[in-house]
Amino acid sequence: MGLRNTAERYGSAARALHWSVAALVFSQIAGGSVLEELPRRTALRAFAFDAHESVGLAVLGLVAVRIAWRLVNVAPVATGHGWQRLAAALAHFALYALMVAVPVVGYAMVDANGFGVVFFGVKGPDLMAADKNLAKRLAEVHETLAWLLVALAALHVAAAGWHHCALRDGTLARMRRRRSS
Ligand code: HEM
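Taking the working numbering, the leading residue of the sequence shown gets 140, the next gets one more, and so forth.
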């Protein structure tokens, strides 16, 4: 199985990007939800925030590569009726948009709070003056968009399960490694 997609299957690059981004987004949701519970002014809390910010920005980079790779490759031909294909295309577009928006808003929130954003030890650019009210509103937006991403990802998993178990049309297999490859 090659690196690039074909009309029948996703190639190894698209599959690696799909599953690594899925795992990282899942860990960001789980980790992000406990950040505020961690004891204040501890090394653990500082480490957890730095890790969440760094991995979140890595997700943004991987999603950018994923979108670019998607644009220069053919996509496997969609299955199902017209409305199902339209619903899948809209859901995929919304997933990409949320995977970009959640980390971008996360960055803006930390920046507006006046804390420097750190990417694996390297300080990111300071884009705005500290504004605590704006930071609070951005925290709400970050949270809402993240939970919207969870809801849509759950729908995406359910649709993949339906294709695999009820329709048995091989849709899930297109994103999995072939036994022979
Ligand atoms: C795909 C990427 C990301 C996902 C899925 C994600 C998800 C989440 C989730 C679910 C929460 C908990 C929200 C809540 O229930 O209160 C959270 C909190 C947080 N996130 Fe992210 N995040 C991502 C990227 C980022 C980035 C890039 C940054 C900053 C550079 C960031 C900074 C924060 C901070 C500071 C909090 C704690 C907010 C608070 O003080 O309540 N996140 N994130």
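Using N, Cα and C, we set each Cβ at its ideal position, and we do this for glycine too.
| query | result |
| --- | --- |
| Inter-residue Cα distance where the pair is G171 and H191 | 7 Å |
| Extent of the continuous alpha helix (DSSP H) run through H231 | G221 to A251 |
| Buried versus exposed call for R148 [16 or more other C-beta atoms within 10 Å across all chains shown] | buried |
| The segment 185-204 touching the segment 236-248, judged by at least three CB pairs closer than 8 Å | yes |
| Coil, strand or helix - F258 by DSSP | strand |
| Whole-angstrom distance between F258 and R154, CA atom to CA atom | 25 Å |
| Sequence-distant residues of the same chain with beta carbon closer than 6 Å to R143, five excluded per side | G150 and N212 |
| Simplified DSSP state of V211, which is helix, strand or coil | coil |
| Rounded separation between D308 and G141 - CA only | 22 Å |
| Cβ-heavy atom distance, A285 to ligand 1, below 7 Å | yes |
| Close Cβ partners of A299 (< 7 Å) along its chain, the five nearest in sequence each way excluded | T310 and L311 |
| Reduced DSSP secondary structure (H/G/I, E/B, other) of M314 | helix |
| Ligand 3 heavy atom lying under 7 Å from the CB of I206 | Ligand 3 is absent from the structure shown, which contains only ligand 1. |
| Residue environment, M267, which counts as buried when at least 16 other CB atoms sit within 10 Å | exposed |
| Alpha carbon of K271 to alpha carbon of E175, nearest angstrom | 17 Å |
| Simplified DSSP state of R184, which is helix, strand or coil | helix |
| Nearest neighbour of A146, chosen from L306, A214, A187 and M314 [CA to CA] | A214 |
| Span of the alpha helix (DSSP H), counted from its first residue to its last, around R154 | S151 to V173 |
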